[in-house]
Structure formats: structure tokens, C-alpha cells
Amino acid sequence: MKNDIKEILFTKEDLNAICDRLGKEITKDYAGKQPLFIGLLNGAVFFMTDLIRHVDLKCSIDFLKVSSYEGTHSTGNVRVDGHFPDVKGKDVIIVEDIIDTGKTLYELKNLMKEANSYKVCVLLDKKEARQFDVHVDYVGSVVPKKFVVGYGFDYNEVYRNLPYIGVLKEEVYM
Ligand code: IMP
Ligand code: MG
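Each residue of the sequence shown is one higher than the one before, counting from 23 in our numbering.
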């Protein structure tokens with residue numbers, strides 16, 4: 023599996039430093055509160071579990087599985103698969119692996135109207151790819167429009183378990 027990687031963009035240490043910085047920021051911003059972290063499955067599981075170990079607050083966690091409706095409509099849509107967390111009156115922090123076009127997070131916001139507050143934390147931000155206007159509160163790092171794998175990021179559901187984030191060799195896509 024590791025032989026398929028052309029370039030490493032974020033090492034284990036880089037990722038730990040990101041989680042530490044964001045965890046401290048969230049700890050400060052939510053002082054006296056008890057936020058609910060909602061991780062978007064499957065990609066954000068790795069980031070979320072590392073992040074919250076850097077958060078020094080009483081908090082709770084939940085997960086949400088959403089799938090994109092590709093279809094023919096460019097406006098897009100997301101569908102919730104299964105369990106939907108109870109967000110009523112909660113201070114919700116959505117934890118996502120990456121924001122790309124912004125479609126997923128744009129649609130998701132509409133489902134969180136019952137929350138007391140709503141913030142978004144992403145590990146990576148592919149800023150240049152944005153098509154939907156989404157406010158992101160916490161960003162691990164801005165990245166170029168390259169397809170990444172590892173640390174939760176998959177290519178056809180594989181490579182999520184790499185301990186770093188990298189770019190695949192071209193021949194892997196063929
Ligand atoms: P958006 O709705 O276009 O912002 O897309 C976000 C979703 O696309 C993420 O949750 C990822 O699942 C997926 N995604 C975007 N870029 C990458 C990538 O470089 N590697 C793996 N998955 C990606
Ligand atoms: Mg995802």
C-alpha cells in the first residue's frame with residue numbers, strides 16, 4: 023500500500039500539530055460550554071478522534087453519514103444515511119475531513135437548524151475548488167486541488183488507514 027504513494031503532504035507529526043492547535047482553539051472558544059462534536063463518516067473518523075483528545079472540555083460525540091446526490095442537478099443535495107444526531111439546543115461542531123466544492127457542508131447546515139450554535143471544523147480546505155458559499159470556522163490547512171489519500175481519505179474506499187496524508191502515483195489510477 024505504501025508503495026502507491028508518490029508524495030507525503032502531511033506527516034503524523036504535522037497532523038498531530040494541527041490537532042493540537044485546533045484543539046486548543048476550540049477549548050478556548052467553548053470555555054464553560056459542552057459542545058457536541060459530529061463527525062462525518064467515514065472520512066472524518068481519524069481526524070475527529072485525534073482532535074478531541076486535544077480538547078480540554080466536557081463534550082459529547084456523535085457521527086453522521088451523508089452521501090452526495092450526484093444526479094444531474096448542479097445544485098447538489100445530500101442524503102442522510104441512517105442515524106441523525108439529536109442536535110436540539112446543542113452547541114454543534116461538525117468535524118469534516120475536507121471541504122472541496124462545499125456542497126456537503128452547504129446542504130448540511132440546513133439540517134442543523136435546531137442546534138443552539140453551529141460551527142464547522144475541517145482538516146483540509148481545497149479553497150480553489152469552492153463552488154458553494156460555506157463558512158468554515160476551524161481549518162487545519164489549506165491545500166491545493168490535488169487528490170489526497172490517507173488518515174481517513176480514501177480512493178475507492180482504500181488507503182484510509184495510512185498514518186499520513188499523501189498523493190497517489192499516477193499509475194494507481196489506471
Ligand atoms: P464537497 O462536498 O465537494 O466539499 O466534498 C467533500 C467530500 O469530497 C469530502 O467529504 C471527501 O469525502 C471528498 N473528497 C474531496 N476531496 C478529496 C480528496 O482529495 N481525497 C479524498 N476524498 C476527497
Ligand atoms: Mg467525506
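Here a beta-carbon is modelled for each residue, glycine too, at the ideal position from N, C-alpha and C.
Handout entry: G93, buried or exposed, once every other Cβ within 10 Å from all chains shown has been counted against 16
Key = Here the question's residue 93 lines up with position 71 in the sequence shown. Low local confidence applies: a pLDDT of 48 at G93 is under 50, so the model's placement there is unreliable, with the coordinate-based value given in what follows. Around the beta carbon of G93, fewer than 16 other beta carbons sit within 10 angstroms, so the residue counts as exposed.
Practice task
Output the boundary residues of the alpha helix (DSSP H) element that contains G45.
Solution key: Translated into the one-based positions of the sequence shown, residue 45 becomes position 23. 34-51 is the extent of the alpha helix (DSSP H) around G45.
Practice task
Quick one: which unbroken beta strand (DSSP E) runs of 3-plus residues sit fully inside the region 95-150? Chain order, please.
Solution key: You should have 100-102, 113-121, 139-147.
Exercise for the section: Could you check what DSSP says for Y195 in three-state terms: helix, strand or coil? Expected result: What you label residue 195 is simply residue 173 of the sequence shown in a count that begins at 1. Reduced to three states, the DSSP call for Y195 is helix.
Practice task
Just tell me which of D36, M23, L62 has its CA closest to the CA of C197.
Solution key: Not covered by the structure: residue 197. The range shown for the chain is 23 to 196.
Exercise for the section: Return yes when the Cβ of V102 is within less than 8 angstroms of the Cβ of V88, no when it is not. Expected result: Translated into positions along the sequence shown, residue 88 becomes position 66. Translated into positions along the sequence shown, residue 102 becomes position 80. Yes, the pair counts as a contact, with Cβ atoms nearer than the cut-off.
Problem - Through-space distance from K112 to I83, alpha-carbon basis - result: Along the sequence shown, read from residue 1 onward, the residue named residue 83 stands at position 61. Along the sequence shown, read from residue 1 onward, the residue named residue 112 stands at position 90. Rounded to whole angstroms, the gap between the alpha carbons of I83 and K112 is 11 angstroms.
Problem - Y195, buried or exposed, once every other Cβ within 10 Å from all chains shown has been counted against 16 - result: In the sequence shown, the residue the question calls residue 195 occupies position 173. By the 10 Å Cβ count, Y195 comes out exposed.
Problem - Span of the alpha helix (DSSP H), counted from its first residue to its last, around F68 - result: Taking the first residue of the sequence shown as position 1, residue 68 is located at position 46. Counting along the chain, the unbroken alpha helix (DSSP H) around F68 starts and ends at 67-74.
Problem - For D84, the three-state DSSP class (helix, strand or coil) - result: Walking along the sequence shown from the start, residue 84 turns up at place 62. In the structure shown, the three-state DSSP call for D84 is strand.
Exercise for the section: Could you pull out every residue in the same chain whose Cβ sits closer than 6 angstroms to the Cβ of L145, ignoring the five residues on either side in sequence? Expected result: As a first step, residue 145 is located in the sequence shown; it is residue number 123 there, counting from the start. Apart from the 5 residues on each side of it in sequence, L145 sits with its Cβ closer than 6 angstroms to the Cβ of F69, D119, G162 in its chain, given in chain order.
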